[in-house]
Structures are given as C-alpha cells and as structure tokens.
Amino acid sequence: MPSTLPDIRFSAAQPEDFEALLALRIEAMRESLTRIGRFDPARARARLLAGFSPADTRHIEHEGQRVGFVVTKALRDCLLLDHLYLLPAHQGRGIGHAVMTQVLDEAAALNLPVRVCALRESAANRFYLAHGFQLIEQAEFDNTYLRPLPATPHPM
Numbered sequence: 467m468p469s470t471l472p473d474i475r476f477s478a479a480q481p482e483d484f485e486a487l488l489a490l491r492i493e494a495m496r497e498s499l500t501r502i503g504r505f506d507p508a509r510a511r512a513r514l515l516a517g518f519s520p521a522d523t524r525h526i527e528h529e530g531q532r533v534g535f536v537v538t539k540a541l542r543d544c545l546l547l548d549h550l551y552l553l554p555a556h557q558g559r560g561i562g563h564a565v566m567t568q569v570l571d572e573a574a575a576l577n578l579p580v581r582v583c584a585l586r587e588s589a590a591n592r593f594y595l596a597h598g599f600q601l602i603e604q605a606e607f608d609n610t611y612l613r614p615l616p617a618t619p620h621p622m
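Read in order, the letters of the sequence shown correspond to residues 467 to 622 in our numbering.
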C-alpha cells in the first residue's frame, strides 16, 4: 500500500446514474466472473438493481475522472460495504486503499464493524484481508468478511 493516499473525492449518485454504475460494475467484474463461468450482464443488472439506493451510493473520483463507486449502508449491527468497484485501469494505484480508509473511518465514527461480501475467486479477497477483514462465511460463490472495530485502549 502506498505511504501517501491518492487524492480521491466522492460525489453523490443520483437515480439516473444507474446505467452508468451498472456499466462500471460490469467492467470491473467481467474478468473475475468470466474466469469462473458466471459472467452474465442480466444477472449483474438484477443484482445491482435489487439493492440500488442512490442515497447510499457515491461516485469515486480521481484526477477529475469518475473511476468507481462505493455503496455503504449503516445497519443496526454493522456498516455494510455493499459495493466497491474501480475500473480495471485504475486498480492497483492505491485508490481502493484510500476509499477503504474513508469507509473504515466512517464505520469507526458510527462505532460499527464493517461487513462485506466478495466473489470467492476475486482478487478483492486479498484486498479485504490486507485491510483487517476476517472471513466469517463461505458460500458457493461468495466469501463474507467482517472487520471488527479496533479494540479501544482501556483507561489507566
């Protein structure tokens, strides 16, 4: 991970952004899903649409370009990192780390652990493990991770 985080900005998603978000998700996931024989744009549309909440969705911008999006939902028992996608050309540059740092800061402010689900065969699994997530469940195609709140020091 880089010692300095890249400059990223978030902008609010709008309902009319759905098609652009879907296209980005498809591009970001195509390689992983193709590799396991599960690439299906109709399934991708249905899955994104099922939980689409513009209020919880933010575009990720870097150097004036939209390069991805993130969806977080504050639930009773955790902050759900529902989606985090970066265009392939922008992966591996520390942008995901900068986004994750922001997500973890938000979770800490809410005093909530973070939960995320990742395709079992995706490189995202290494990314989540490197950010302190612990595997809590494996399904046929997905892994579920939880990043507990950091332990707070006890007062002396």
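Every residue gets a Cβ at the ideal spot worked out from N, C-alpha and C, and that includes glycine.
Taking all protein chains shown into account, decide if Thr538 is buried (16 or more other Cβ within 10 angstroms of its Cβ) or exposed.
-> Thr538 comes out buried.
Across which residues does DSSP place Asn609 in a beta bridge pair?
-> Ala584, Gln604
Answer yes or no: do Val533 and Leu552 have a C-beta to C-beta separation smaller than 8 Å?
-> yes
Taking Ala508 as part of the alpha helix (DSSP H), name the residues at either end of that continuous run.
-> Per DSSP, Ala508 belongs to the alpha helix (DSSP H) from 507 to 516.
Based on the DSSP secondary-structure assignment, which residues constitute the bridge partners of Gly534?
-> Per DSSP, the beta bridge partners of Gly534 are Ile526, Leu552.
Using the C-alpha atoms, what's the distance from His563 back to Leu471?
-> 7 Å
Look up Ser519 in the DSSP assignment and give the residues it is bridged to.
-> Answer is none; Ser519 lacks a bridge partner.
Taking 8 Å as the cut-off, decide whether the C-beta atoms of Tyr611 and Val582 are in contact.
-> yes
My guess is that Phe484 and Phe518 are in contact by the Cβ rule of under 8 Å, so how many angstroms apart are they, rounded?
-> 6 Å
Evaluate contact between the segment 575 to 595 and the segment 541 to 550, counting only Cβ atoms and requiring at least three cross-stretch pairs below 8 Å.
-> yes
I think Phe476 touches Arg524, with their Cβ atoms under 8 Å apart; what is that distance to the nearest whole Å?
-> 4 Å
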